[in-house]
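**Student:**
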Amino acid sequence: GEDVEQSLFLSVREGDSSVINCTYTDSSSTYLYWYKQEPGAGLQLLTYIFSNMDMKQDQRLTVLLNKKDKHLSLRIADTQTGDSAIYFCAEFPDTGRRALTFGSGTRLQVQP
Amino acid sequence: GAGVSQSPSNKVTEKGKDVELRCDPISGHTALYWYRQRLGQGLEFLIYFQGNSAPDKSGLPSDRFSAERTGESVSTLTIQRTQQEDSAVYLCASSLSLAVTFPYNEQFFGPGTRLTVL
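From first to last, the protein sequence lines stand for chains A and B.
Under the working numbering, residues 255 to 366 are what the first sequence spells out, in order.
Under the working numbering, residues 26 to 143 are what the second sequence spells out, in order.
(1) DSSP puts D312 (chain A) in a beta bridge; with which residues?
(2) Is the shortest distance between the beta-carbon of Y285 (chain A) and the beta-carbons of chain B less than 7 Å?
(3) Closer than 6 Å: is that where the CB of Q66 (chain B) sits relative to any heavy atom of the ligand COA?
(4) Near Q334 (chain A), what residues of its chain come up, given a Cβ to Cβ distance below 7 Å and the 5 sequence neighbours on each side ignored?
(5) Hey, does L7 (chain B) have any beta-carbon neighbour from chain A nearer than 7 Å?
(6) Considering A113 (chain B), what are the terminal residues of the beta strand (DSSP E) in which it resides?
(7) Would you identify the three-state DSSP class for D337 (chain A), choosing helix, strand or coil?
(8) Would you please verify whether the beta carbon of F70 (chain B) is less than 7 Å from any beta carbon of chain D?
(9) Taking DSSP as the reference, what is the three-state secondary structure of E97 (chain B)?
(10) Report the CB separation of L300 (chain A) from W288 (chain A) in whole angstroms; it is logged as a contact under 8 Å.
(11) Do we get a CB-CB distance below 7 Å when we pair P136 (chain B) with the residues of chain A?
(12) Measuring only the C-alpha atoms, how far is Q291 (chain A) from G41 (chain B)?
(13) Helix, strand or coil, according to DSSP, for Q108 (chain B) in the structure here?
(14) Strictly under 7 Å for the Cβ-Cβ distance: is Q31 (chain B) near chain A by that measure?
(15) Taking the continuous beta strand (DSSP E) assigned at E259 (chain A), which residues delimit it?
(16) Can you name the start and end residues of the beta strand (DSSP E) that Q66 (chain B) belongs to?
(17) Exposed or buried, what is N306 (chain A) when buried is set at 16 or more other beta-carbons lying within 10 Å of its beta-carbon?
(18) Going by C-alpha to C-alpha distance, which of B:V44, B:P136 and B:A92 sits closest to A118 (chain B)?
(19) Return the Cβ separation of R89 (chain B) and Q105 (chain B) in integer angstroms, given the expectation that the two are a contact with Cβ distance under 8 Å.
(20) Check the Cβ of N130 (chain B) against every Cβ in chain A and list those closer than 7 Å, keeping chain order.
(21) Are the CB atoms of P347 (chain A) and S282 (chain A) within a distance shorter than 7 Å?
(22) Could you tell me if A124 (chain B) is buried or exposed, where buried requires 16 or more neighbouring beta carbons within 10 angstroms of its beta carbon?
(23) Got a sec: is the Cβ-Cβ distance from A353 (chain A) to anything in chain B below 7 Å?
(24) Listing by chain order, which chain B residues have their CB less than 7 Å from the CB of Y302 (chain A)?
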């Protein structure tokens, strides 16, 4: 079955880098996603990676994908207090149920 | 243009009552999803609609849950005889289609309806 796992909590100081990790099980997913959820705001797509890529960089965000180990990570460089939120990784399988499967979310706390 | 909207934003109900949650997707989006987020947890898939195809109801947790969609427009999620374990935020999302290719399958989420069952 599908299962996406994440660590629950990460605390960093402002200006440091944050690394949020995720493992997934469905190898049929062409795309893997990172979403951000802030209190009072909806779920926002941050970035995605195509499954035949190892890395994708988008300004302060770097996504690394190890397809062999089914491991995905999101690195946020120069973390700011505005980055405090819950981050979800998600996979969208190419076959079967065509819906996002989300991890349980990692709460990122950025200390000034 | 407008994003996905949901109503009500908050709903408090008594155990055993029925509730209806509404979702207005982005115009032109053929796919519409419902997810549930319990406190401190990730999102669980409930149901999705794609155009005129039969909906995928495989995520509905019990027969007390049902959903309808009018064409490619509004959807309502109905929970009958609510239980305390139904308390959660119910999120709706829409996308252009279910195509494998991004961005056609990018899901845009509404703000959610927070349901509290007393």
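Note that beta-carbon positions come from the ideal geometry of N, C-alpha and C, so glycine has one too.
All values reported here derive from a predicted model rather than from experimental measurement.
**Tutor:** According to the structure shown:
(1) A:L315
(2) yes
(3) For the structure depicted, the ligand COA is absent and the ligand set is empty, with no information on it obtainable.
(4) E268 and V364
(5) This structure cannot settle anything about residue 7 (chain B), because the visible part of chain B is limited to 26 through 143.
(6) A113 to S120
(7) Note: D337 (chain A) maps to helix in three-state DSSP.
(8) The structure shown contains no chain D; its protein chains are A and B.
(9) Of the three classes helix, strand and coil, the one that applies to E97 (chain B) here is coil, per DSSP.
(10) 5 Å
(11) yes
(12) For Q291 (chain A) and G41 (chain B), the distance between alpha carbons rounds to 31 Å.
(13) Q108 (chain B) falls in the coil class under three-state DSSP.
(14) no
(15) V258 to Q260
(16) From DSSP, Q66 (chain B) is part of no beta strand (DSSP E); its letter is neither H nor E.
(17) exposed
(18) B:P136
(19) 5 Å
(20) F346
(21) yes
(22) Around the beta carbon of A124 (chain B), fewer than 16 other beta carbons sit within 10 angstroms, so the residue counts as exposed.
(23) yes
(24) F127
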